[in-house]
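K.L.:
When we follow numbering that gives the first Met the number 0, the leftmost residue of the sequence shown carries the number 0, and every step to the right adds one.
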Amino acid sequence: MKIQLFQIEIIEGEVEQNEGRIKALFEEKLEADTEIVVIPEMWNNGYDLQHLAGKADIDLTRSLPFIQSLATKHHVDIIAGSVSNKRDNNIYNTAFSVSKTGELLYQKDKIHLVPMLDEHQYLTGGDEVPEVFEINGIKASQIICYDLRFPELTRYPASQGAKIIFYVAQWTTKNVNHWRTLLKARAIENGVYVIACNSVGAVNNKNHVGNTYAGHSIVIDPNGNIVEEAGNQEAIITAEIDIQKVAEQQQNIPIFENLRPDVYKYAEYKLGRR
């Protein structure tokens with residue numbers, strides 16, 4: 000199966016400009032026989048947090064039709080990154096995906112808000128774990144940026160049969176080693192494909208002056224091997240994946256058969272001061 004990742008710079012606060020860039024990439028860079036395209040986190044207006052109230056989409060009424068039009072025109076499934084999205088008087092970071100026929104396959108909000116960016120001052124965190132959906136006949140799930148740091152969020156859909164976990168992000172250069180290491184770990188510890196699309200360009204957050212978005216969008220197989228990886232500039236990754244490798248890896252190392260939830264008792268965790 001052929002997958003493309005569009006690693007681009009997202010212009011903060013410029014919704015129309017970002018839409019135009021994404022539309023042009025589908026027109027100019029989409030390769031024949033590509034079955035899934037992945038775009039980054041917050042592609043509609045980036046991390047222009049202080050102005051989200053006036054720039055955020057409203058219940059996906061703009062972003063969803065835009066992505067649906069690209070999916071149906073180009074007959075390709077789209078892991079549609081995420082967008083700032085106003086709903087019920089709150090603003091969420093909402094991930095979604097659309098089929099080649101325009102069907103909304105998945106929609107979830109980012110759960111964990113980044114304290115280093117003061118996201119809690121502008122965004123509301125979601126309260127539903129990533130779930131499994133089917134895309135191009137394959138079970139998958141989709142996770143946003145900082146949620147990568149919480150392994151339970153990947154383990155759940157993987158334990159429910161997801162063969163691919165898609166990550167969409169605006170991850171910074173300061174912690175690019177975390178990005179690459181955590182993504183490889185998620186692939187290895189679950190025996191699944193990890194496909195992660197990041198952005199590039201300057202970070203304009205007051206807490207990250209001088210930092211940049213790291214790029215390094217990446218495709219990792221179930222054994223932790225890198226299939227394709229971008230650098231730190233705008234790039235299009237094209238990767239061929241063999242989904243049968245998931246079953247082979249999980250048979251060789253039967254992680255899910257060996258789980259002991261009776262011992263872990265996640266629901267009983269009491270997090271006090273450490």
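For each residue, glycine too, the CB sits at the ideal point set by N, CA and C.
Is E30 helix, strand or coil when you go by DSSP?
P.N.:
It is coil, neither helix nor strand.
K.L.:
Would you tell me roughly how many angstroms separate the C-alpha atoms of M41 and I217, rounded to the nearest one?
P.N.:
Those two C-alpha atoms are separated by around 18 Å.
K.L.:
Could you tell me which residues DSSP puts in a beta bridge with A234?
P.N.:
BP columns for A234 point to Q6.
K.L.:
Distance, Cα to Cα, D58 vs K85?
P.N.:
Spanning the two alpha carbons is a distance of roughly 6 Å.
K.L.:
Using CA coordinates, which residue listed in Q16, A55, E34 is at the minimum distance from I137?
P.N.:
I137 has its Cα closest to that of E34, out of Q16, A55, E34.
K.L.:
Hey, which unbroken runs of the alpha helix (DSSP H) at 4 residues or more fall wholly within the region 163 to 205?
P.N.:
List check, alpha helix (DSSP H) in window: 175 to 189.
K.L.:
Could you tell me the alpha carbon to alpha carbon distance between D261 and A23, rounded to whole angstroms?
P.N.:
Each residue's alpha carbon lies about 51 Å from the other.
K.L.:
Let me know if D108 comes out buried or exposed under the rule of 16 or more other beta-carbons within 10 Å of its beta-carbon.
P.N.:
Buried, since its Cβ has 16 or more Cβ neighbours within 10 Å.
K.L.:
Can the beta-carbon of L182 be found less than 7 Å from the beta-carbon of I219?
P.N.:
Yes.
K.L.:
Between I225 and the rest of its own chain, which residues show a CB-CB distance below 7 Å, the 5 nearest in sequence each way excluded?
P.N.:
The residues are I217, I219.
K.L.:
Between T93, D56, L51, S62, which lies nearest to Q120 when the distance is taken from Cα to Cα?
P.N.:
Per the Cα distances, L51.
K.L.:
What does a CB cutoff of less than 7 Å around R273 pick up in its chain, not counting 5 residues either side in sequence?
P.N.:
Residue placement at R273 is flagged as unreliable, the pLDDT there being 45, under the threshold of 50; the coordinate-derived value follows with that caveat. So the list is empty, once near-sequence residues are dropped.
K.L.:
Taking the continuous beta strand (DSSP E) assigned at K85, which residues delimit it?
P.N.:
Counting along the chain, the beta strand (DSSP E) containing K85 begins and ends at 76 to 86.
K.L.:
Let's see if you can read the secondary structure: which residues bound the alpha helix (DSSP H) around S140?
P.N.:
Not the alpha helix (DSSP H): S140 falls in the beta strand (DSSP E), residues 137 to 143.
K.L.:
From this set, N176, I143, R185, which residue's C-alpha is nearest K162's C-alpha?
P.N.:
Ranking the options by Cα distance to K162, first place goes to R185.
K.L.:
In terms of residues, what are the limits of the alpha helix (DSSP H) holding Q67?
P.N.:
Unbroken alpha helix (DSSP H) run through Q67: 62 to 73.
K.L.:
Rounded to the nearest angstrom, what separates E233 and I7 at their Cα positions?
P.N.:
Rounded to the nearest angstrom, the two C-alpha atoms are 5 Å apart.
K.L.:
Does the separation of the CB atoms of K80 and I142 fall below 7 Å?
P.N.:
Checking the sequence, you will find Gly at residue 80 rather than Lys. In this structure, I142 does not lie closer than 7 Å to G80 by Cβ.
K.L.:
Express the C-alpha separation of V97 and L63 in angstroms, rounding to a whole number.
P.N.:
Cα-Cα distance, rounded: 8 Å.
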